[in-house]
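Trainee:
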Amino acid sequence: MERMKNYIQNNQILGFCAIVSVMIFFAPSIGQGQELYDLPKKDVKTRWFSFENLQGLKGKGGMENKGAKGHPADAIKAGETQVILETEGAGVVRRMWMTISDRSPEMLRSLKLEMYWDGKEKPAVSVPLGDFFGAMLGEKVPMENAFFSDPEGRSFNCIIPMPFKKGAKISITNESDTDLEALFYDINITTSDADLGDVGYFHAFWHRDTATTLGEDHVILPKLEGNGRFLGVGFGLNTHPDYGKTWWGEGEVKIYLDGDSQFPTLVGSGTEDYIGTAYGQGKFVNHYQGAPINDVEEGRYAFYRFHVPDPVYFHQDIKVTIQQMGGAPREKVKAMLVDGAKLVPVTVSWPEGFLKLLEEEGASFENAPKGWTNFYRSDDLTTLAYFYYDKPSNDLGPLASLEIRQHK
Numbered sequence: 001m002e003r004m005k006n007y008i009q010n011n012q013i014l015g016f017c018a019i020v021s022v023m024i025f026f027a028p029s030i031g032q033g034q035e036l037y038d039l040p041k042k043d044v045k046t047r048w049f050s051f052e053n054l055q056g057l058k059g060k061g062g063m064e065n066k067g068a069k070g071h072p073a074d075a076i077k078a079g080e081t082q083v084i085l086e087t088e089g090a091g092v093v094r095r096m097w098m099t100i101s102d103r104s105p106e107m108l109r110s111l112k113l114e115m116y117w118d119g120k121e122k123p124a125v126s127v128p129l130g131d132f133f134g135a136m137l138g139e140k141v142p143m144e145n146a147f148f149s150d151p152e153g154r155s156f157n158c159i160i161p162m163p164f165k166k167g168a169k170i171s172i173t174n175e176s177d178t179d180l181e182a183l184f185y186d187i188n189i190t191t192s193d194a195d196l197g198d199v200g201y202f203h204a205f206w207h208r209d210t211a212t213t214l215g216e217d218h219v220i221l222p223k224l225e226g227n228g229r230f231l232g233v234g235f236g237l238n239t240h241p242d243y244g245k246t247w248w249g250e251g252e253v254k255i256y257l258d259g260d261s262q263f264p265t266l267v268g269s270g271t272e273d274y275i276g277t278a279y280g281q282g283k284f285v286n287h288y289q290g291a292p293i294n295d296v297e298e299g300r301y302a303f304y305r306f307h308v309p310d311p312v313y314f315h316q317d318i319k320v321t322i323q324q325m326g327g328a329p330r331e332k333v334k335a336m337l338v339d340g341a342k343l344v345p346v347t348v349s350w351p352e353g354f355l356k357l358l359e360e361e362g363a364s365f366e367n368a369p370k371g372w373t374n375f376y377r378s379d380d381l382t383t384l385a386y387f388y389y390d391k392p393s394n395d396l397g398p399l400a401s402l403e404i405r406q407h408k
């Protein structure tokens, strides 16, 4: 009985510590580590930006229609840009919420979300709006994780803290040929007269490869020089029909850090392993890892991983990639080759051995024992990298064309 009592007490303490650690990470202050009950410093102020107070000014909210809900939403016509946050001085974006009248895959990929810090002309974030909030396949599903939530599949919420020192600007551009009839939103920030010190600026990078090249790793984050923290990544995958329902997730995530060249410092053991599950991948949504969409019949998958409890820091440079690799029994792989599927066998494993086809002298796939075969394959893969960086803008390329974003 005493042992059971101690077990319960210990687990209660562990649970409490876990809750406190999450609260500290998302502490509602300019600085880090402030307790929820701490009174704010006099220079710290809360401001909300929306169509009811587009400039976030004190005492200027809800003025239209004599305060009776005069401007809750607005349209973004085809080709137009709507600035939804513009402010000067230091502060932190605490929360973004929005919803739109057209949540089709086409519109979610056509709306370009951009974020600018400290007056820079080049955005730190330039991504499709839907993908940014986790709709990596253009499909909205109810979900909640550490950074994003969509309670009923109709809204967009983000609580990643985004600091700025001299100012911030966030905009949405409608790059479709269809008017967006309604955008509802609010962005919640805190401002301060104090120096924020050494903080990282929030950045994001979107990349889609509609047909990955056999044997070439898909680039999640191109090489970036500087200091920062890789925060995580969202994935969207449409598998090629030539591979049927064979397993697609043998590819390893590789993170090259601080001078790594040919080989990375950090490497995983498989795609589903990277997001914390194993031996295949089903549908699940956890705090820092999940797979909101797992459509085996249609070959459509969306999943994510956030490095919060396991930080990935870089001091000199960083590059992040993933292999596009699948697996199946050897006879199935042989049959796919006969049918013309594009693939390259790389290993064969069986209870007594593991054959490395790409490096072992004389290794032959045709003569290999029957066993599980890993092979390079070509699929439609989209990724969105989230990271903090010591500069308010980056040297990464512009957002891909609408043609690539909407490719089917």
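Counting along the sequence shown from 1, when you hit position 272 you're at 272 in the working numbering, and nothing is skipped either side. By construction, the Cβ of each residue, glycine as well, lies at the ideal position given by its N, Cα and C atoms. Owing to the predicted nature of the structure, the values given are computational and were not obtained by experimental measurement.
1) Cα-Cα, which of His315, Phe303, Leu180 is closest to Thr81?
2) If Glu114 and Pro123 are in contact, beta carbons under 8 Å, what's the gap, nearest whole angstrom?
3) Just confirm the distance between the C-beta atoms of Ala341 and Asp242, as a whole number of angstroms; I'd bet it's less than 8 Å.
4) Output the distance between the C-alpha atoms of Ala68 and Phe184, rounded to the nearest integer angstrom.
5) Since Ser192 and Val44 are thought to touch, with beta carbons under 8 Å apart, how far apart are those beta carbons, to the nearest angstrom?
6) Spatial neighbours of Val92 within its chain, please: C-beta separation below 7 Å, excluding the five flanking residues on both sides.
7) Pick out whichever of Glu361, Arg47, Phe365 has its Cα sitting closest to the Cα of Ser349.
8) Which partner residues does Pro163 have in the DSSP bridge list?
9) Check whether the Cβ atoms of Phe230 and Phe133 lie closer than 8 Å to each other.
10) Using the DSSP secondary-structure output, state which residues sit across from Val346 in a beta bridge.
11) Indicate whether Gly411 and Tyr376 have their beta-carbon atoms separated by less than 8 Å.
12) With DSSP collapsed to three states, give me the class of Val44.
13) Identify whether Thr468 lies in helix, strand or coil by the three-state DSSP scheme.
14) Since I believe Ala368 is in contact with Arg405 (beta carbons under 8 Å), could you give me their beta-carbon distance rounded to a whole number of angstroms?
15) Just the C-alpha distance for Leu355 and Lys370, rounded to the nearest angstrom, thanks.
16) From the DSSP output, in three-state form, read off Ser192 for me.
17) If we require 3 or more residues per run, which beta strand (DSSP E) segments fall completely within the region 223-309?
18) Return the bridge partner residues of Gln55 from the DSSP annotation.
19) Looking only at its chain, what residues have a beta carbon closer than 7 Å to the beta carbon of Leu399, apart from the 5 residues adjacent to it on each side?
20) Kindly indicate which three-state DSSP category Lys332 falls into: helix, strand or coil?
21) Using the three-state DSSP reduction, which class does Ser126 fall into: helix, strand or coil?
22) Can you say whether His203 is buried or exposed, counting buried as having 16 or more other CB atoms within 10 angstroms of its CB?
23) For Met412, is the classification buried or exposed, using 16 other Cβ atoms within 10 angstroms of its Cβ as the cut-off for buried?
24) Met410 lies in the alpha helix (DSSP H); which residues open and close that run?
25) Taking C-alpha atoms, which residue in Asp379, Tyr288, Thr321 lies nearest to Ile255?
26) State the Cα-Cα distance for the pair Lys408 and Ser155, rounded to the nearest angstrom.
27) I'd like to check one pair, Ser401 with Gln324: are the Cβ atoms closer than 8 Å?
28) Since Leu381 is in the beta strand (DSSP E), which residue starts that stretch and which ends it?
29) Alpha carbons only, please: which of Arg47, Gly197, Trp247, Tyr288 is nearest the one belonging to Tyr304?
30) So, Ala146 versus Phe306, is the Cβ gap smaller than 8 Å?
31) Assess contact between the region 71-87 and the region 168-176, defined as three or more Cβ pairs (one per stretch) separated by less than 8 Å. Is contact present?
32) Measuring CA to CA, which of Ile187, Arg109, Thr382 is closest to Thr210?
33) Would you kindly work out how many angstroms separate the C-alpha atoms of Tyr235 and Thr212, rounded to a whole number?
34) Taking Asp295 as the reference, give the member of Leu237, Gln34, Lys332 with the closest Cα.
35) Helix, strand or coil for Asp209, going by three-state DSSP, please let me know.
Mentor: By the coordinates alone:
1) Of the candidates His315, Phe303, Leu180, the one whose C-alpha sits nearest the C-alpha of Thr81 is Leu180.
2) 4 Å between Cβ atoms; contact.
3) Confirmed, about 4 Å.
4) Computed Cα separation, rounded: 16 Å.
5) Right, their Cβ atoms sit about 5 Å apart.
6) Answer for Val92: Ile30, Pro161, Met162, Pro163, Ile189, Thr190, listed in chain order.
7) It is Phe365.
8) Answer by DSSP bridge pairing, in chain order: Val92.
9) No, they are not a contact pair.
10) In DSSP, Val346 forms no bridge with anything.
11) There is simply no residue 411 to check, as the chain begins at 1 and stops at 408 in what is shown.
12) Looking at Val44 - three-state DSSP - the assignment turns out to be coil, as it is neither helix nor strand.
13) Missing from the structure shown is residue 468; the chain here goes from 1 to 408 and no further.
14) About 40 Å separates the two Cβ atoms, so there is no contact after all.
15) Near 11 Å, if we compare the C-alpha coordinates of Lys370 and Leu355.
16) Strand.
17) Listed in chain order, the complete beta strand (DSSP E) runs (minimum 3 residues) inside the region 223-309 are 228-238, 253-257, 289-295, 300-306.
18) Answer by DSSP bridge pairing: none, since Gln55 is not bridged.
19) So the list reads Lys112, Ser126, Val127, Trp206, once near-sequence residues are dropped.
20) Helix, per DSSP.
21) Reduced to three states, the DSSP call for Ser126 is strand.
22) It counts as buried.
23) This structure does not reach residue 412, given that the chain is present from 1 up to 408, and the question cannot be answered.
24) Outside the displayed range of the chain (1 to 408) lies residue 410, so it cannot be described from this structure.
25) Of Asp379, Tyr288, Thr321, the residue nearest in Cα terms is Thr321.
26) One C-alpha to the other measures close to 24 Å.
27) Against a cut-off of 8 Å, the Cβ pair of Ser401 and Gln324 comes out as no contact.
28) Per DSSP, Leu381 belongs to the beta strand (DSSP E) from 380-389.
29) Selected option, being the one with the closest Cα: Tyr288.
30) Between Ala146 and Phe306, the C-beta gap is smaller than 8 Å, which places the two residues in contact.
31) At 8 Å Cβ cutoff, the stretches touch.
32) Among Ile187, Arg109, Thr382, the Cα nearest to that of Thr210 is on Thr382.
33) The residue asked about is misnamed: residue 235 is Phe in this sequence, not Tyr. Whole-angstrom Cα-Cα distance: 14 Å.
34) Considering only alpha carbons, the answer is Leu237.
35) Secondary structure at Asp209: strand, using DSSP grouped into helix, strand and coil.
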